[in-house]
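Peer 1:
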């Protein structure tokens with residue numbers, strides 16, 4: 782099987798995360814997507830509890846049916862979550878599978894600074910999902926909107942609407958579990 786590895790903080794997972802997974806599947810180069818939320822951010826970024834991010838990822842990816850698996854693999858490894866370590870662990874656990882790494886175009890400038898980037902590209906060639914504004918007015922057939930989990934968390938913390946960027950079931954989970962300081966739904970305008 783050819784598996785697309787889609788890692789990230791997913792704090793919270795939003796519609797562009799779902800669109801990116803769908804885009805990677807629709808491109809026809811992979812059979813399934815494995816969503817791997819990071820357990821310990823490599824740069825010490827504070828995250829919502831891991832079990833909540835796993836639950837929200839499962840809810841967010843429901844619409845894609847059985848072609849998406851949400852994995853806790855990063856919680857089973859010690860230390861910070863580095864992409865190369867996750868790929869190596871998956872290759873060890875799933876020796877019959879081949880891998881691709883799903884990334885947004887917005888991180889391409891930083892990717893060569895990643896730990897063992899050449900090995901990452903060898904073990905899991907990249908599937909690049911266009912994201913954000915194109916430089917110098919360059920056209921693209923498809924680009925995901927520039928949605929930010931940070932902006933969503935800030936809006937929820939401040940009692941502002943953030944629902945258009947989140948799957949309804951993820952938003953319900955956030956309010957039910959009091960994540961990101963969201964204690965009540967913002968009133969409709």
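Numbering (the numbering used here), first residue to last: 782 to 970. Glycine included, C-beta positions come from ideal geometry on N, C-alpha and C. In this text, all values refer to a predicted model and were calculated from it rather than measured experimentally.
Tell me which residues share the same chain as residue 933 and place their Cβ nearer than 7 angstroms to its Cβ, disregarding the 5 neighbours each side in the sequence.
Peer 2: The answer, listed in chain order, is 793, 795, 943, 946, 947.
Peer 1: Let me know the secondary structure DSSP gives residue 847 once reduced to three states.
Peer 2: In this structure, residue 847 counts as helix in the three-state DSSP scheme.
Peer 1: Please report the distance separating the alpha-carbon of residue 902 from that of residue 911.
Peer 2: Distance between the alpha carbons of residue 902 and residue 911 is about 18 angstroms.
Peer 1: Report the partner residues of residue 816 according to the DSSP bridge assignment.
Peer 2: DSSP lists 787, 851 as partners of residue 816.
Peer 1: Express the C-alpha separation of residue 811 and residue 839 in angstroms, rounding to a whole number.
Peer 2: Residue 839 and residue 811: Cα-Cα distance of roughly 19 angstroms.
Peer 1: Do three or more CB pairs link the segment 842-853 to the segment 813-824 at distances below 8 angstroms?
Peer 2: These segments touch.
Peer 1: Is residue 962 helix, strand or coil when you go by DSSP?
Peer 2: Residue 962 falls in the helix class under three-state DSSP.
Peer 1: Using the Cβ count rule (16 or more neighbours within 10 Å means buried), how would you classify residue 960?
Peer 2: The residue in question, residue 960, is buried, as its Cβ has 16 or more Cβ neighbours within 10 Å.
Peer 1: Could you tell me whether the Cβ atoms of residue 818 and residue 791 are closer together than 8 angstroms?
Peer 2: For residue 818 and residue 791, yes; Cβs fall inside 8 angstroms.
Peer 1: Counting only the same chain and skipping the five closest in sequence on each side, list residues whose C-beta sits under 6 angstroms from that of residue 950.
Peer 2: For residue 950, where only same-chain residues beyond five positions count, the Cβ hits under 6 angstroms are 840.
Peer 1: Tell me the DSSP bridge mates of residue 885?
Peer 2: Note: residue 885 sits in a beta bridge opposite 910.
Peer 1: What first and last residue would you give for the alpha helix (DSSP H) that runs through residue 833?
Peer 2: Residues 831-842.
Peer 1: Residues in its own chain within less than 7 angstroms of residue 866 by CB, not counting five upstream and five downstream?
Peer 2: Contacts found: 858.
Peer 1: Counting contacts by CB-CB distance shorter than 8 angstroms, is residue 860 in contact with chain C?
Peer 2: No chain C appears in this structure, which consists of one protein chain only.
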